[in-house]
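Same order as they appear, the protein sequences are chains S and P. Note that numbering that gives the first Met the number 0 gives residue 204 to position 205 of the first sequence, counting from 1, and the numbers run on in steps of one. Note that numbering that gives the first Met the number 0 gives residue 309 to position 310 of the second sequence, counting from 1, and the numbers run on in steps of one.
Number of protein chains: 2
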Amino acid sequence: MNGAHSLVKTLLASGVDTCFANPGTSEMHFVAALDQIPGMKCVLGLQENVVTGMADGYYRLARKPACTLLHCGPGLANGMGNLHNARGARSGIVNIVGDQATYHRPFDAPLTADTDGMARTVSQWVHTSTKSEELGRDAALAVRAAKTYPGQIATLILPADVSWEEGGIVADPIPPARPPVVDNYAIENAARILHNSKNVLILLAGHGVLSEAQSLAWQVASATGSTVMADYVTSHLARGRGRLQLERIPYGMETAIKTLSRFEHIILVNAKGPVGFFGYPGMPSEQYPSSAQLHTLTRPDQDPIEALKGLINELNAPEVELPDPGVRPYAASGKPTPEGLAQTIAALMPENSIISDESISYGRGFYKFTHAAPAHDWLHLAGGAIGDGMPVATGAALGANKKRRVINIQADGSAMYSLQSLWTQAREQLPVTTIVLNNSKYNILIGEYTNVGAVPGDTAMSMLDLGNPGLSWVNLANGMGVEAAQARTLEECADLRKSSFNKNSPFLIELMI
Amino acid sequence: MNGAHSLVKTLLASGVDTCFANPGTSEMHFVAALDQIPGMKCVLGLQENVVTGMADGYYRLARKPACTLLHCGPGLANGMGNLHNARGARSGIVNIVGDQATYHRPFDAPLTADTDGMARTVSQWVHTSTKSEELGRDAALAVRAAKTYPGQIATLILPADVSWEEGGIVADPIPPARPPVVDNYAIENAARILHNSKNVLILLAGHGVLSEAQSLAWQVASATGSTVMADYVTSHLARGRGRLQLERIPYGMETAIKTLSRFEHIILVNAKGPVGFFGYPGMPSEQYPSSAQLHTLTRPDQDPIEALKGLINELNAPEVELPDPGVRPYAASGKPTPEGLAQTIAALMPENSIISDESISYGRGFYKFTHAAPAHDWLHLAGGAIGDGMPVATGAALGANKKRRVINIQADGSAMYSLQSLWTQAREQLPVTTIVLNNSKYNILIGEYTNVGAVPGDTAMSMLDLGNPGLSWVNLANGMGVEAAQARTLEECADLRKSSFNKNSPFLIELMI
């Protein structure tokens with residue numbers, strides 16, 4: 000058995016049965032092994048940032064890692080933006096990077112690069128296999144690292160000769176480490192603060208914003224008069240009817256500071272102290288008052304359920320119903336507005352939809368109007384590197400076994416980063432409805448520019464404007480085999496959405512905003 | 000004066016007057032400075048690998064560095080594939096990466112990354128500015144590094160507060176170091192070998208394949224009965240009438256080994272000993288006989304003209320005419336073939352055209368049929384990371400001041416890596432004619448797969464085939480504002496090409512092969 004065979008068999012034995020790939024010459028023995036060993040679903044992406052972004056979206060829904068297959072250092076580099084985002088989302092990925100044969104590396108052939116150095120910038124675990132005999136064990140360790148709670152990027156670098164040489168040994172799965180135990184003192188401390196203080200914020204992030212943790216946090220808040228919010232940087236929120244009407248800390252620095260100004264204590268549940276996305280002249284980094292105290296109930300690598308249950312127990316907090324989100328909104332009409340679009344999304348989304356939200360500036364207020372939608376999952380850009388909305392939507396559809404409708408609300412500038420995702424959606428016949436918000440500019444940056452100086456001049460606009468020439472998203476989608484249509488009103492957008500929800504295939508709506 | 004102003008003024012003073020950009024929030028003070036200081040041409044790319052690839056193409060033609068403007072570590076990561084290629088091409092780029100404000104970095108906001116670590120994997124020079132007062136000097140040093148012969152990637156990391164704080168000082172240009180002097184012993188040694196031995200190959204790469212060096216190498220070869228060839232990995236060859244009919248060492252390992260088998264000595268002119276692109280089972284890494292001796296006349300960082308002139312002097316080699324390339328081919332007709340396409344390109348290309356060749360497997364034999372075309376420059380992928388053909392074509396058109404026709408011969412799979420380039424071509428109204436070779440597969444990999452095993456099965460083909468759904472390059476180009484048409488015969492392709500050569504705007508031909 001060659002190394003590649005032992006690798007594929009070990010991955011399958013460890014429960015990794017989906018491979019997002021864009022292979023090259025050095026990966027051909029791996030590809031050949033896939034032909035001979037049944038059980039691995041292979042999904043091709045036409046650029047590596049699509050590949051890695053799909054693996055992120057897959058993990059968020061499937062809650063188990065997929066593997067990738069990338070080609071040498073530069074192939075890894077192409078996918079690093081979305082690995083950075085996946086790391087921010089704390090997704091688990093077994094990131095396999097084929098590389099030059101061990102003996103060929105000293106010759107510095109063109110694709111030779113510091114693959115290990117690149118991988119370290121976006122991975123929690125990096126290992127280069129050097130012997131076919133050890134590849135199975137290395138793969139089992141990589142899967143273990145990827146599964147380590149709540150999920151990690153584990154990069155396994157695979158020189159071509161380690162794939163093709165004989166001597167491969169299939170390794171048994173290695174169970175991941177348990178999350179570090181919850182600190183009883185942290186629970187007691189949080190209970191004391193919640194008991195004694197007013198103006199306490201319980202800030203949720205990571206697994207703390209999933210359904211069960213929300214209910215438990217609400218139970219704590221109801222018993223103590225504290226407030227519950229979600230971190231702005233959140234990869235996956237459970238939302239809609241049956242879930243808490245959580246709001247995120249606003250993106251804008253001034254609004255965030257104002258929102259948090261009244262809190263004296265912040266109890267962090269898998270969250271960090273909230274800071275600005277960027278530093279701004281004359282502004283602090285922190286969004287919370289300098290007088291406020293931060294208390295860590297759980298770090299991101301700990302189980303929030305156990306801790307919140309402990310806190311409820313400590314407080315003797317009674318069970319409580321979640322607040323009712325009110326009446327489901329009606330679809331709005333007329334010229335598109337953020338509020339109208341959000342209402343229409345809430346009005347029309349099927350039960351159990353998945354929203355992949357890379358709406359950037361347009362979508363900042365979407366939450367308020369979608370609390371009363373049916374239960375759904377809302378996915379965000381968690382690392383700040385634009386270009387994950389479309390790949391995450393694609394991977395999420397596969398992570399949900401194509402059984403749930405995915406709605407990708409997508410800013411146009413960010414969409415151009417990884418538009419190749421549409422082709423994979425068409426190839427795999429995925430139930431993804433994409434709404435591209437076509438405003439023909441990097442609107443967020445025009446806002447940021449005005450914070451800096453005055454109105455952007457010609458030179459600045461040459462870097463901020465996407466309108467010359469205008470992008471036709473209908474043509475772009477059609478070019479990759481995805482049906483598409485343009486909408487200029489919310490009614491047109493709603494009609495297109497309704498008809499797309501009846502199809503088991505992707506559809507793109509270009510909404511002119 | 001703030002830091003950003005001192006940076007822009009220093010760049011202009013140092014002769015850097017073109018900026019390829021995809022900025023974000025942390026770059027807004029730089030963008031604002033560009034509005035206030037005239038003289039910097041700004042070119043927007045809709046994804047960073049387009050931005051860096053354009054800077055590479057620009058350098059190859061303009062022979063002076065442009066700067067880039069990228070957003071934080073992940074923006075750099077997105078552009079690293081083509082920085083890797085630019086490094087392989089030995090292009091000079093002042094690679095400016097905006098980053099978190101110095102005081103904000105410890106807070107680990109989402110876009111915080113190991114920007115320095117990323118940059119080191121693709122740069123010869125990396126520096127993070129930490130004070131506005133020093134930014135001008137840092138910029139002058141970066142330009143110096145980028146201009147260091149034959150060209151280097153100089154990455155200047157620019158924390159936002161270093162841009163916006165006052166105290167900036169404009170720095171005078173710092174001249175780059177002279178190339179290390181040519182080694183007289185190396186010249187004498189080469190002369191002795193050329194004098195005493197048969198079966199000597201003079202292998203040219205880097206600046207050794209430009210026009211003057213070719214003629215000098217031919218003068219040496221004519222006087223000594225040696226052979227002249229170009230390295231396979233070559234970024235920029237002067238070709239056509241008035242230039243030497245140079246062939247490159249073939250890509251295929253067996254063919255390359257056969258081609259080089261008769262040589263006992265290889266004299267390296269800015270080249271390295273030729274090795275395979277990859278290692279293959281049972282094959283050596285080197286393409287030259289183990290008995291052959293390698294002799295370095297010049298390293299890639301030395302001036303080949305000086306050395307070749309010294310060698311001519313040492314050998315008393317007489318001046319000699321370059322061989323006549325024969326009659327210019329006629330345009331071919333019928334179903335597309337590599338030979339027919341090459342002939343038609345040679346038949347129709349305007350004098351002084353620029354070819355950006357990322358034709359991968361289809362174009363391996365193009366040279367033979369294009370020696371008798373008018374004088375032209377031929378650009379290749381020099382780092383092996385696919386996705387540079389379109390960005391390099393775009394940047395080359397700008398590097399040649401839009402005055403020369405650029406013909407981009409482009410494989411479809413590679414084209415999908417950086418198709419956003421077409422939008423910049425439309426925006427800047429560049430004279431680029433793109434011929435996308437649509438075969439709907441990663442043909443090179445199907446070849447490599449058959450080297451490994453047998454015929455690719457269903458799983459392998461799911462990773463190697465681009466035909467389901469088929470890509471429509473006409474739609475994709477139109478979606479980005481570029482006129483396009485499909486051709487199924489060489490005549491149709493020729494007619495479209497001729498009409499595109501009369502336009503000062505981009506045009507894309509989707510050639511079904």
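From the three backbone atoms N, C-alpha and C, an ideal C-beta is built for every residue, glycine too.
Neighbourhood of S/I36 by C-beta distance below 8 Å, restricted to the same chain and skipping five residues each side:
H4, V7, K8 and L11
Taking only the alpha-carbon atoms, compute the straight-line gap between S/V121 and P/W217 and give it to the nearest angstrom.
49 Å
Quick check for students: name the residue ranges of the alpha helix (DSSP H) that lie wholly in the stretch 164-215 of chain P, counting only runs of 4 or more.
183-195
What are the boundary residues of the alpha helix (DSSP H) that includes P/Q424?
S420 to R426
Just verifying my parser: in three-state terms, what is the DSSP assignment at S/I385?
coil
In this structure, what does DSSP give as the bridge partners for P/R62?
Answer is none; P/R62 lacks a bridge partner.
Could you tell me which of P/S284, P/S225 and P/G239 sits nearest to P/Y250, measuring between CA atoms?
P/S284
Please name the residues in the stretch 107-140 of chain P whose beta-carbon is closer than 8 Å to at least one beta-carbon of chain S, in chain order.
D107, A108, P109, L110, A112, D113, G116, M117, R119, T120 and V121
Leaving aside the five residues before and after S/D137 along the sequence, list all residues of the same chain whose C-beta is less than 7 Å from its C-beta, in chain order.
H126, S128 and L155
Close-in-space but distant-in-sequence residues of the same chain around S/N442 (CB under 6 Å, 5 per side omitted):
S360
Nearest-angstrom Cβ-Cβ length linking P/R104 and P/T111, presumed shorter than 8 Å:
6 Å
Which residues of chain P have a Cβ atom closer than 9 Å to the Cβ of S/V208, listed in chain order?
Those within 9 Å of S/V208 in chain P number zero; the least Cβ separation is about 16 Å.
Less than 8 Å between the beta carbons of P/P178 and P/D302, yes or no?
yes
Proximity test, Cβ basis, 8 Å: P/R426 and chain S
yes
At a cut of 8 Å, does the stretch 369-382 of chain S reach the stretch 229-245 of chain S through at least three beta carbon pairs?
yes
Chain B contact for P/W163 (CB, 8 Å cutoff):
This model lacks chain B altogether; the protein chains it does include are S and P.
Reference P/N21; option with closest CA among P/A76, P/A345 and P/L296
P/A76
Against chain S, which members of the stretch 446-459 of chain P pass a CB distance test of less than 8 Å?
E447, Y448, N450, V451, G452, P455, G456, D457, T458 and A459
Between the C-alpha atoms of P/L380 and S/E491, what's the straight-line distance to the nearest angstrom?
45 Å
When you compare the CB of P/L43 with every CB in chain S, is at least one pair closer than 8 Å?
yes
Counting only beta-carbon atoms, is P/Y184 nearer than 8 Å to chain S?
no
So which of P/E165, P/K146, P/N183 and P/T297 has the shortest CA-CA distance to P/L134?
P/E165
Same chain, Cβ closer than 6 Å to S/A100, neighbours up to 5 away in sequence not counted
P158, A159 and D160
On the three-pair Cβ rule with 8 Å, is the stretch 29-47 of chain P touching the stretch 207-221 of chain P?
no
Among the residues of its own chain, which have a CB less than 6 Å from the CB of S/M282, if the five just before and after it don't count?
M252
Under 7 Å (Cβ pairs) to chain S, residues found in the stretch 474-498 of chain P
N474, L475, N477, G478, M479 and G480
Evaluate S/S498 with the Cβ neighbour count: other Cβ atoms within 10 Å of its Cβ, from every protein chain shown; 16 or more gives buried, anything less gives exposed.
exposed
I'd like to know if P/D387 contacts chain S, where contact means its C-beta is closer than 8 Å to some C-beta of that chain.
no
Starting from P/M0, follow its DSSP beta bridges and name the residues at the other end.
The partner list for P/M0 (beta bridge, DSSP) is empty, contrary to what the question assumes.
Would you please verify whether the beta carbon of P/G167 is less than 8 Å from any beta carbon of chain S?
no
Find out if the Cβ-Cβ distance for the pair S/L444, P/M27 is shorter than 8 Å.
yes
Cut-off 8 Å between Cβ atoms - residues of its own chain near P/Q428, not counting five sequence neighbours on either side
K401, N503, S504 and P505
For a test of the three-state rule: what should DSSP assign to P/D16, helix, strand or coil?
coil
May I ask you to report which of helix, strand or coil DSSP gives P/K562?
Because chain P spans 0 through 512 in this model, residue 562 of chain P falls outside it and cannot be assessed.
Residues of the stretch 22-33 of chain S in Cβ contact with chain P at a cutoff of 8 Å, in chain order, please.
P22, G23, T24, S25, M27, H28, V30, A31 and L33
Kindly say whether S/L444, judged by its beta-carbon, lies nearer than 8 Å to any beta-carbon of chain P.
yes
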